[in-house]
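For reference, the structure discussed in these notes is given below.
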Amino acid sequence: MSGPDSEDSSGTAPGGRHSGSSGGLTAAELIARSRAARAAGESQPQSRSARRAAAEAAEAAIPAENDPVPRVEGVAENVTAEIPVLEDVPILRHLSLVDPPIAMVDEPALLPPRARGGRNLPAAIAVGLGLGVLILATLFLYRPSFVVLLTVAAVLGGFEMVGAVSTVEARPSLVPLLVGGVAMDVAAWFRGPDGMVGVLMLTVIGLIVWRLADGAAGYLRDVAAGTLVALYVPFLAGFAALLAHPHDGAARVVIFILAVVCSDTGGYAVGAVIGRHPMAPTVSPKKSWEGFVGSIAASAGCGVLMMIFTFHHEWWKGVAYGVAIAFTATLGDLGESMIKRDLGLKDMGKLLPGHGGIMDRLDSLLPCAAVAYLLLSAFVPV
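Numbering (the numbering used here), first residue to last: 2 to 383.
Quick look at the structure:
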């Protein structure tokens with residue numbers, strides 16, 4: 002039996018709300034299908050023309066295989082920027098650590114200890130002790146051998162001075178200097194002060210005459226440089242030979258060298274600790290007035306001890322002797338520093354490790370030899 006109640010209960014009547022093209026789908030199913038269709042429409046063009054435009058745009062974005070330099074359209078019209086393609090460039094996939102090269106900065110723990118002035122202190126001490134032993138051996142074993150050692154040192158010092166002044170285009174005549182330098186020290190031993198001065202005059206004359214053969218260009222400069230070398234090195238070294246000649250010559254040379262060493266050591270020690278006021282900053286910046294006081298005190302103390310216990314003379318003579326040596330040693334050091342600065346040199350040579358050249362050790366000793374000879378001749382007559 003049929004009636005209105007049976008049609009409403011089935012929900013599938015031909016004229017019902019869910020009939021037609023829906024094919025009998027419920028409302029929830031229709032909503033889910035519409036959402037899926039909308040999502041597919043957003044992700045993919047619906048028309049063929051839209052799909053073709055998207056494909057052409059994708060192909061334009063991919064560079065051709067045979068075109069190494071793709072073009073990118075700029076913002077302005079007809080403006081393009083060329084972007085080079087780097088071919089065969091390896092891709093770094095990992096970072097690897099390699100051993101660093103040899104360190105360019107010196108490690109203090111691996112370097113030999115150096116003195117304040119940049120010197121190799123152990124080498125300087127070893128060379129100083131070796132020279133001291135050699136001098137004492139020649140003095141106390143056979144004194145004429147000391148003159149031989151002195152002459153060799155003067156010749157080497159003369160070579161260094163000639164090489165140093167050559168940096169300012171001075172060319173002293175080497176033959177008169179060598180012959181005259183050896184003759185000066187030998188004459189000091191055998192003929193005394195008069196013989197030494199006479200050989201000096203002959204050496205200067207030899208420099209003047211020998212240089213004539215080279216022409217007028219630089220004549221005065223070369224002769225003046227040769228005279229300076231002759232006076233500074235072999236002539237002043239001859240006073241050490243005069244000191245060694247008397248019967249107590251070994252003691253005179255020892256007190257002379259010890260006073261100079263004490264002056265240098267005292268000045269260095271005091272200046273390194275409390276040195277604050279430079280003595281001559283333009284010539285030797287590391288020399289201070291405090292160090293100079295230390296030089297005087299150390300040299301005077303050495304002079305007093307040597308004068309009392311070695312020569313048995315008054316203590317004040319030792320003070321005067323030590324003060325004079327300290328003054329002369331300081332002036333000699335400053336004088337050689339002035340010469341090196343004028344020539345643009347740090348050291349006169351490299352013969353002595355830790356010291357420089359022979360002249361870097363004789364700078365204080367040479368002028369002090371003349372002062373020591375004069376004072377000891379007055380205080381302690383032979």
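Every residue gets a Cβ at the ideal spot worked out from N, C-alpha and C, and that includes glycine. The structure displayed is predicted, hence computed values, not measured ones.
Check	Outcome
Within 9 Å, strictly: CB atoms of residue 358 and residue 161	yes
DSSP-derived helix/strand/coil call for residue 281	strand
Residue range of the unbroken alpha helix (DSSP H) whose run includes residue 312	Careful: residue 312 lies outside any alpha helix (DSSP H) and carries neither H nor E.
Integer-rounded CB distance, given that residue 132 should sit under 8 Å from residue 173	Wrong, their Cβ atoms sit about 27 Å apart, outside the cutoff.
Distance CB(residue 238)-CB(residue 178) smaller than 9 Å	no
Where residue 247 falls: helix, strand or coil (DSSP)	coil
Per-residue DSSP class, three states only, for residue 352	coil
Span of the alpha helix (DSSP H), counted from its first residue to its last, around residue 152	144-166
Whole-number beta carbon distance between residue 267 and residue 289, since they are thought to touch under 8 Å	Between residue 267 and residue 289 the Cβ distance is about 12 Å, and since that is not below 8 Å, they are no contact.
Given residue 362 as reference, the closest of 157, 142, 256 once Cα atoms are compared	157
Residue 128 versus residue 247: straight-line alpha-carbon distance, rounded	28 Å
Alpha helix (DSSP H) segment containing residue 187, residue limits	175-211
Pick from 302, 241, 300 that is closest to residue 189, judged by C-alpha positions	241
Strand pairing of residue 289, partner residues [DSSP]	279
Touching by the beta-carbon criterion (3+ pairs, under 8 Å), the stretch 331-339 and the stretch 217-224	no
Helix, strand or coil at residue 357 [DSSP, three-state]	strand
Three-pair Cβ contact test at 8 Å for the stretch 319-329 versus the stretch 296-308	yes
Residue 170 - DSSP class collapsed to helix/strand/coil	coil
Secondary structure of residue 341, DSSP reduced to three states	helix
Cβ neighbour criterion (16 or more within 10 Å) applied to residue 212	buried
Three-state class that DSSP yields for residue 333 in the structure shown	helix
Which of helix, strand or coil DSSP assigns to residue 231	helix
Own chain partners of residue 245 with C-beta closer than 6 Å, once the 5 adjacent residues on each side are dropped	144, 147, 254
Test item: CB-CB of residue 328 and residue 252 under 9 Å	no
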